[in-house]
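Accompanying notes for the structure given below.
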Amino acid sequence: MIESFIEKDILRQVKLVEYLYELEKLTLREVAKRLQVTTNTVKRDFAKVLLVLETQIEWSEITSTTIALIFNSSFTRYDLIKKIYQDSYFLKTCAYYLLGESDYLTLVEAEFISVAKAFTIRKQVETYFKAAGIMDENSEFIPNEIRYRLVVISVWMRCDILDKLLVPNEYKTATVFVDQVLFKFANGYEKNKREYQFLLLNTYLSIRRSKDFSLTYGEEAMTYLKNMPTFHQLMDVNKLVLTKEKLPETEIQYLASIYKTIPLNTSNYLIVEMNYQRERELMIEKNGMIRQLIQHFENEFGVDLFNHILFEKPFMNFIYSLWQDTQAFSAEKHFYLSNQQLRLTERIKHVLEAWQKQFDLEAEVTFNQTALEKFCSQVTASLLQKRSPKFVFFFIAEDELSHTIYRENLKRWLNLDYNIMDSTMYYSLDELPIYVEEWPSIIICERSLKHDTTIPDSITFFPISRNSILEDTKNILAYVYNWKTE
């Protein structure tokens, strides 16, 4: 949401930095198309990036067709975009307003801009606050604590002026709390700076504001949040760190929802799988609306998605970020998607909007474009990897041992959730049942047994021998896994 209000040139420069941080080199014409500007505008934005980040850049180059840039490795992506955002008068005005300095003359004096410009920016800030649901039509703040915090976070993640809100001892407590959570969840694995800051600022606001401002939820949301494994783990940290003045349960529920929007980088993949199963039980198995949404994705893309961690894990993170429109207020990374992925994003958006309309969720749920593109980057393979047909494998071999060798060798590579091995042991092609031509069958036959037998064109047939078993297996698998993507 906030990106719709930030100055367009600032946002383009942020995107350029993030694109180049990852790719290092971009084609002018292609990036201009992505940003919906001319190549000359991209060149001007690139020049501004070089100026603002001069001390963070190792090397840069601009030609008639490309721009290229390598940053000093000691700076994170978040460090770099924060410097770009510091030039935003809109963000500065938001910060002053949230600090209680709503007079536009504050910006005039602090930033040396004209009265007319400062007045216009203040009006834009008020429009943002109204759109975010924390201000009424009379420009008075509305008591909506969760939304208010998310708006504060959306500005603070990008603008350091709000550091004036910090109370040192409470900030230190928040730091200890977050570090303890990360140690508990991820064995102390160091988070990237953006995610750490997002957790830290939210935790600080919980500690700072919980005494004076209470959070309220609907009964269904409260029950769901309390059943999350993350909630119980955070309660343990709450008791450990805040021994004197513990955060109330409503604050822990809020923090649980925040923590679930980012990956926690556990040290063991078994923990990832265990957490995934527990979370999908809560979110998917017990929620008909969510199951319906996955079904819509399956129908749109012709793929199997239920019980597939490759799709469901990023899907659940995306759904978590819809709560209270969290995704509209975070400082998400901008992804440079391929043309195929850009088209895919629109199809994903179409599925989501159809589901939104089906359950009358237009007023409750909105979809942020940056979050959509992130989700697309995570599930591209899941959505475009078309359903392979289920095959039934029939084996013909000279003896029992040969059957064992061919079956077990192929079994090592096949996904038997999608394929079936006929249990009957055939020792001649003549023994095959009639229905092999009716099913999507694959006949694996020892070469010495196929002589003097004509194989109908309707049958998928692969010869196999012990002396060429690796090459034969490779040919079979190449046929089975001939996935088609768009």
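For the record, in the sequence shown the residue sitting at position 182 is 182 according to UniProt numbering, with numbers rising by one throughout.
We treat Cβ as the ideally placed atom computed from N, Cα and C, and that holds for glycine.
Original post:
Which stretch, first to last residue, makes up the alpha helix (DSSP H) that contains V14?
Top reply: Sequence index remark: in the sequence shown, residue 14 carries index 14 (1-based). Its alpha helix (DSSP H) spans residues K8 to L23.
Original post:
Given that a residue counts as buried once 16 or more other Cβ atoms are within 10 Å of its Cβ, and exposed if not, what is W483?
Top reply: In the sequence shown, counting from the first residue as 1, residue 483 sits at position 483. Note that W483 has pLDDT 49, beneath the 50 cutoff, so the model's placement of it is unreliable and no number is given.
Original post:
Is Q13 closer than 9 Å to D45 when the C-beta atoms are compared?
Top reply: Counting from 1 along the sequence shown, the entry for residue 45 is found at position 45. Counting from 1 along the sequence shown, the entry for residue 13 is found at position 13. For D45 and Q13, yes; Cβs fall inside 9 Å.
**OP:** Decide if H451 is buried, meaning its Cβ has at least 16 other Cβ atoms within 10 Å, or exposed.
**Re:** Start at 1 with the first residue of the sequence shown, and residue 451 comes out as number 451. Per the 10 Å Cβ criterion, exposed.
Subject >> the stretch 65 to 74 / the stretch 46 to 56 touching (three or more Cβ pairs under 8 Å) >> reply: yes
Original post:
How many angstroms separate the CA atom of L23 from the CA atom of L182?
Top reply: Residue 23 sits at position 23 when you count from the first residue of the sequence shown. Residue 182 sits at position 182 when you count from the first residue of the sequence shown. Computed Cα separation, rounded: 30 Å.
**OP:** Look at E312 and R280 and say whether their C-beta atoms are less than 9 Å apart.
**Re:** Indexing the sequence shown from 1 puts residue 312 at position 312. Indexing the sequence shown from 1 puts residue 280 at position 280. Closer than 9 Å, so yes.
Subject >> Contacting residues, own chain, Cβ-Cβ under 7 Å from V176 (five flanking each side not counted) >> reply: Stepping through the sequence shown from its first residue, residue 176 is reached at position 176. Result list for V176: V241, in chain order.
Original post:
Can you tell which of I444, Q253 and Q341 has the C-alpha that lies nearest to the C-alpha of Y224?
Top reply: Working through the sequence shown from its first residue, we reach residue 224 at position 224. Of the listed residues, the one whose Cα sits closest to Y224 is Q253.
Subject >> CB contact flag (K15, L35, <9 Å) >> reply: Position 15 of the sequence shown, counting from 1, holds the residue named residue 15. Position 35 of the sequence shown, counting from 1, holds the residue named residue 35. Yes, the pair counts as a contact, with Cβ atoms nearer than the cut-off.
Subject >> Strand pairing of W59, partner residues [DSSP] >> reply: What you label residue 59 is simply residue 59 of the sequence shown in a count that begins at 1. DSSP lists I70 as partners of W59.
Subject >> Best match in T345, Y276 and V178 for proximity to C376 [C-alpha to C-alpha] >> reply: As a first step, residue 376 is located in the sequence shown; it is residue number 376 there, counting from the start. Cα-wise, what sits closest to C376 is T345.
**OP:** Express the C-alpha separation of E273 and E316 in angstroms, rounding to a whole number.
**Re:** On the sequence shown, residue 316 is found 316 positions in, with the first residue counted as 1. On the sequence shown, residue 273 is found 273 positions in, with the first residue counted as 1. The question names Glu, yet the displayed sequence has Met at residue 316. The straight-line gap from Cα to Cα measures roughly 13 Å.
**OP:** Select from R209, I10, N299 and F112 the residue whose C-alpha is nearest the C-alpha of L352.
**Re:** Residue mapping note: residue 352 aligns to position 352 of the sequence shown, counting from 1. The shortest C-alpha separation from L352 is found at N299.
Original post:
In terms of residue numbering, what span does the alpha helix (DSSP H) encompassing I84 cover?
Top reply: Counting from one through the sequence shown, the residue named residue 84 turns up at place 84. Unbroken alpha helix (DSSP H) run through I84: R77 to Y85.
Original post:
Taking all protein chains shown into account, do 16 or more other C-beta atoms lie within 10 angstroms of the C-beta of H334, making it buried, or fewer, making it exposed?
Top reply: Position 334 of the sequence shown holds residue 334. It is buried - the Cβ of H334 has at least 16 other Cβ atoms within 10 Å.
**OP:** State the DSSP-derived secondary structure class of T93, mapped to helix, strand or coil.
**Re:** What you label residue 93 is simply residue 93 of the sequence shown in a count that begins at 1. Three-state result, T93: helix.
Subject >> Cut-off 7 Å between Cβ atoms - residues of its own chain near I134, not counting five sequence neighbours on either side >> reply: Position 134 of the sequence shown, counting from 1, holds the residue named residue 134. Only F141, I142, N144, R147, Y148 and V151 meet the Cβ criterion.
**OP:** Give the secondary structure of V37 by DSSP, where H, G and I count as helix, E and B as strand, and everything else as coil.
**Re:** Here residue 37 refers to the residue found at position 37 when the sequence shown is read from its first residue. Here V37 sits in coil by DSSP.
**OP:** Can you check the stretch 134 to 185 for any beta strand (DSSP E) of at least 3 residues that lies completely inside it and give the ranges in chain order?
**Re:** none
Subject >> Assigned secondary structure, F395 (DSSP; H/G/I helix, E/B strand, else coil) >> reply: Residue numbering aside, residue 395 sits at position 395 when the sequence shown is read from its first letter. Strand, per DSSP.
Original post:
By Cβ distance below 6 Å, which residues in the same chain neighbour E486 in space, the five residues on each side in sequence not counted?
Top reply: Counting from 1 along the sequence shown, the entry for residue 486 is found at position 486. Confidence is the limiting factor: at E486 the pLDDT is only 44, short of 50, which leaves the residue's position unreliable, though a coordinate-based value still follows. For E486, where only same-chain residues beyond five positions count, the Cβ hits under 6 Å are L384.
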